[in-house]
Amino acid sequence: MPTETLDITEARNQFTRLDERLKDERVIHVTRHNKPVFAVVNIEFLATVLETIEIVSDPDSYRLFRESLEDIRNGRLHDHEDVKRELL
517 MPTETLDITE ARNQFTRLDE RLKDERVIHV TRHNKPVFAV VNIEFLATVL ETIEIVSDPD
577 SYRLFRESLE DIRNGRLHDH EDVKRELL
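Going by our numbering, the sequence shown opens with residue 517, and the numbers climb by one from there.
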């Protein structure tokens, strides 16, 4: 995933417009002397990243996630309508 990079001076000068740029980018890397110093992140992308970290940090949630992926790979799926009928 290519990301946009701005020099810190350019980022400072464009600070009030960075929100517009983040509509098309997930992350804007900010550099000083051609070295990355921080990133400006789209808030929706950040929420997704934090949720992912929360899931993989919890052993039970991560185990269920891995089992679900294995079920999908092996075709162990249930039709939505069948599940709905069973629940009602």
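We put the CB at the ideal spot given by N, CA and C, even for glycine.
Residue i burial status per 10 Å Cβ neighbour count (16 or more: buried)
i, result
"I544", "buried"
"A555", "exposed"
"A527", "buried"
"V546", "buried"
Given residue i as reference, the closest of the options once Cα atoms are compared
i, options, result
"P552", "N558, E586 and D523", "D523"
"R542", "F531, N550, N558 and N529", "N558"
"T525", "L593, E602 and R548", "R548"
Own chain partners of residue i with C-beta closer than 7 Å, once the 5 adjacent residues on each side are dropped
i, result
"I571", "S577, Y578 and F581"
Span of the alpha helix (DSSP H), counted from its first residue to its last, around residue i
i, result
"L498", "Given a span of 517 to 604 for the chain in the structure shown, any question on residue 498 remains unanswerable."
"R528", "I524 to N529"
Span of the beta strand (DSSP E) around residue i
i, result
"T568", "Note, T568: premise wrong, no beta strand (DSSP E); alpha helix (DSSP H) at I559 to S573."
Distance between beta carbons of residue j and residue i, contact taken as under 8 Å
i, j, result
"E560", "R537", "Not a contact, Cβ separation roughly 14 Å."
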